[in-house]
Amino acid sequence: MTALLATPAFAVTPADTLVEGFAIDDIISMDPGEAFELSTAEVTGNTYDLLVRLDLSDTSKVKGDLAESWSVSDDGLTYTFKLKPGMKFASGNPITAADVAYSFERAIKLDKSPAFIIGQFGISGDNVTEKAKAVDDTTFQFVVDKAYAPSFVLNCLSATVASVVDAKLVKEHVAAATPSADYKWDNDFGNAWLKTGYAGSGQFKLREWRANEAVVLERNDNYNGEKAKLARVIYRNMKESSAQRLALEAGDIDVARNLEPNDLDAIAKNADLTTTSAPKGTVFYISLNQKNPNLAKPEVRQAFKYLVDYDALSTTILKGIGEIHQSFLPKGDLGAVDDNPFKLDVAKAKELLAKAGLPDGFKVTMDVRTGQPITGMAESIQQTLGQAGIKLEIIPGDGKQTLTKYRARNHDIYIGQWGQDYFDPNSNAQTFASNPDNSDAGKSHTLAWRNAWDIPDLTKQTEAALLEKDSSKRADMYKDLQQKILDTSPFVIIHQQLEVAGLRKNLKDFKLGPSFDTNFVWSVSKQ
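Using our numbering, read the sequence shown as starting at 168 and increasing by one per residue.
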């Protein structure tokens with residue numbers, strides 16, 4: 168295996184191995200209680216099991232993974248999960264409800280980036296052992312603080328932070344810790360070991376991760392369902408689109424994962440290769456700071472929505488990597504609407520600007536993170552705004568510079584992207600349609616807050632949608648929220664990201680999923 172990794176290029180990849188060229192330099196830890204990066208999410212999705220998982224045939228629902236069934240108490244606070252019998256971890260240790268409870272406990276007590284997904288249900292380090300506990304070997308109970316929509320709770324439990332770890336194995340690798348004001352536990356819950364180790368039960372197990380080089384997965388023969396078709400999967404760290412394309416054409420890799428439009432075009436013309444794509448839960452938008460008196464006028468907010476050349480962006484800069492989508496909920500979410508009412512209409516925009524008392528336009532700035540596709544989108548918008556007399560100055564910067572200014576509400580206009588933290592409509596509704604305290608001292612720094620958009624009614628509606636138990640009524644509430652955001656908001660939502668891949672034609676059943684942790688590879692085979 169090591170020899171295989173060390174070889175810079177080989178003419179044909181082995182028949183039992185999938186080799187992907189993929190930018191995996193974002194990986195900092197393989198611990199599912201800590202990792203919150205896109206590449207790690209894919210590895211975790213293929214190597215760990217959850218209580219419940221997104222149903223890829225209908226992503227507004229979940230299906231049992233380790234859980235055979237579940238029920239919710241009449242008061243909506245207690246979720247009881249029955250585990251499938253006779254399951255094992257890759258180590259051979261049995262999977263019990265105590266492992267599930269320990270997985271929740273360590274995620275909350277470690278308190279790393281993704282812990283809030285479980286913590287938002289009133290779970291803390293002090294109460295987690297009471298709120299997430301094993302009733303017996305096959306029964307796990309999870310107690311929440313409010314009668315939330317069950318779909319919300321279950322969607323959050325399908326996130327990678329809720330991955331179930333092998334408690335016996337992890338406890339063999341815990342390191343002692345000295346309690347302090349910031350960390351009050353006497354051990355690290357195996358975090359140092361799990362950064363590069365593995366304690367899961369998924370179709371694949373993690374064989375090794377070499378930072379900025381490769382991730383190697385191996386089939387887990389102890390898996391509790393249908394076994395993976397291939398013996399191993401190798402992700403080779405390749406950052407450049409052109410390098411991935413050349414390696415794919417030469418047969419050195421089976422899949423190229425970070426292709427830009429030009430390389431995607433070249434692959435589409437090659438008879439030995441093909442392409443695939445899937446919409447992801449990331450939307451690109453521009454936002455107008457309501458502290459700017461011109462941008463705070465409702466007619467100006469609406470004019471901006473008619474001053475983007477959506478069609479031109481779709482056929483050039485976003486070709487193959489994005490599809491026009493003007494609502495804040497990405498396609499696939501419960502209640503998502505795919506209604507795109509806006510198109511470039513300079514005459515209508517001028518009419519709206521005149522109504523706002525700005526017939527000659529005005530000057531304004533936009534903070535833009537350098538790099539594509541953002542820079543190209545900003546330049547296109549600069550040109551179309553100019554047609555209505557709005558003089559846009561682009562202020563380029565790196566990600567840290569532009570975000571720091573945006574988070575401090577010191578921008579005029581910001582262009583960026585927003586990805587879901589978990590696969591539930593609340594992840595986006597809470598940030599685009601909720602702002603509990605619009606003061607500069609407000610603690611809830613949603614995107615609505617960052618743009619000083621004061622919306623008490625929409626905030627109440629967003630909170631109410633979290634408590635609606637009927638899924639179809641909950642979906643209707645989100646549809647209504649999206650309609651209001653479309654019409655009145657300071658957000659011009661432009662497109663939803665398409666994840667793309669180029670692949671060799673001998674691959675069978677390679678599919679990209681709707682989220683970054685659902686790019687499953689266990690069904691892939693070679694002809």
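The beta-carbon is built from N, C-alpha and C at its ideal position, and this holds for glycine as well. Everything numeric in this text was worked out from a predicted model, so none of it was measured.
Limits of the unbroken alpha helix (DSSP H) element including residue i
i      : result
Asn404 : No alpha helix (DSSP H) contains Asn404, which is instead part of the beta strand (DSSP E) from 399-404.
Met644 : 638-655
Gln597 : 592-599
Asp534 : Counting along the chain, Asp534 falls outside any alpha helix (DSSP H), though it belongs to the beta strand (DSSP E) covering 530-536.
Tyr573 : 566-574
Sequence-distant residues of the same chain with beta carbon closer than 6 Å to residue i, five excluded per side
i      : result
Lys515 : Tyr473
Cys323 : Ile284, Tyr589
Leu614 : Thr598, Phe599
Asn686 : Glu209, Leu679, Gly680
Phe451 : Gln584, Ile661, His662
Asp527 : Gly556
Ala523 : Lys464, Glu466, Val467
Thr569 : Asp534, Arg536
Val239 : Tyr246, Pro317
Arg447 : The question names Arg, yet the displayed sequence has Lys at residue 447. Cβ within range, chain order: Gln664, Glu666.
Ser444 : Leu665, Val667
Pro592 : Leu496, Asp500, Leu501, Gly502, Tyr645
Cβ-Cβ separation, residue j to residue i (assumed contact under 8 Å), whole Å
i      : j      : result
Ser318 : Leu496 : Not a contact, Cβ separation roughly 14 Å.
Ala470 : Leu520 : 5 Å
Gly367 : Phe509 : Between Phe509 and Gly367 the Cβ distance is about 45 Å, and since that is not below 8 Å, they are no contact.
Ser325 : Leu217 : 6 Å
Glu201 : Ile194 : Between Ile194 and Glu201 the Cβ distance is about 11 Å, and since that is not below 8 Å, they are no contact.
Trp620 : Gln457 : 5 Å
DSSP state of residue i mapped onto helix, strand, coil
i      : result
Ile548 : helix
Glu520 : Sequence check: residue 520 is Leu here, not Glu. Note: Leu520 maps to helix in three-state DSSP.
Trp620 : coil
Lys335 : helix
Gln628 : helix
Lys693 : strand
Val341 : coil
Asn354 : strand
Leu511 : coil
Gly543 : helix
Ala348 : coil
Ser454 : strand
Asp413 : Checking the displayed sequence, the identity of residue 413 turns out to be Leu instead of Asp. Residue state, collapsed to three classes: helix.
Leu674 : strand
Leu525 : coil
Lys361 : Correcting the residue type first, residue 361 is Leu in the shown sequence and not Lys. Helix, per DSSP.
Leu559 : strand
Ala608 : coil
Leu614 : helix
Chain-order list of residues whose beta-carbon lies under 8 Å from that of residue i (same chain, five-residue window excluded)
i      : result
Glu635 : Ala316, Arg641, Met644
Thr180 : Val186, Gly418, Asp419, Ile420, Asp421
Ala182 : Lys693
Asp647 : Gln628
Ala398 : Asp183, Thr184, Glu385, Arg386
Lys276 : Gly292, Val295, Trp352, Phe356
Sequence-distant residues of its chain with Cβ nearer than 7 Å to residue i (five each side left out)
i      : result
Gln649 : Ser494, Phe495, Leu496, Val504
Lys362 : Ser196, Met197, Asp198
Ala173 : With a pLDDT of 45 at Ala173, under the threshold of 50, the predicted position of this residue should be treated as unreliable, though the coordinate-derived value follows. Around Ala173: no qualifying Cβ.
Tyr402 : Glu187, Phe189, Ile191, Ala381, Val382
Lys572 : Asp534, His578
Lys279 : Gly200, Glu201
Ser409 : Asp430
Ile582 : Ile453, Met533, Val535, Ile541, Met544, Ala545
N-terminal and C-terminal residue of the beta strand (DSSP E) that residue i is part of
i      : result
Lys372 : 371-377
Leu633 : Where Leu633 is concerned, there is no enclosing beta strand (DSSP E), given that its DSSP letter is neither H nor E.
Gln663 : 658-671
Trp585 : 580-586
Ala329 : Looking at the DSSP string, Ala329 is not in any beta strand (DSSP E), and its letter there is neither H nor E.
Leu384 : 381-386
Gly188 : 184-189
Residue i beta carbon near the ligand FAD (any heavy atom closer than 8 Å)
i      : result
Asp579 : Ligands in the displayed structure: none, and consequently the ligand FAD is not present.
Unbroken stretches of the alpha helix (DSSP H), 4 residues or longer, contained in the segment 270-322: Along the length of the segment 270-322, whole alpha helix (DSSP H) runs at least 4 residues long occupy 283-286, 295-298, reported in chain order.
Runs of alpha helix (DSSP H) lying entirely within the segment 460-504, each at least 4 residues, in chain order: Listed in chain order, they are 465-472, 477-482.
What are the uninterrupted segments assigned as alpha helix (DSSP H) that are 4 or more residues long and contained completely in the segment 200-266, given in chain order? With a minimum length of 4 residues, the continuous alpha helix (DSSP H) runs that stay inside the segment 200-266 are 205-214.
In chain order, each alpha helix (DSSP H) run of at least 4 residues that lies wholly inside the segment 422-450: As far as the segment 422-450 is concerned, its whole alpha helix (DSSP H) runs of at least 4 residues are 428-435.
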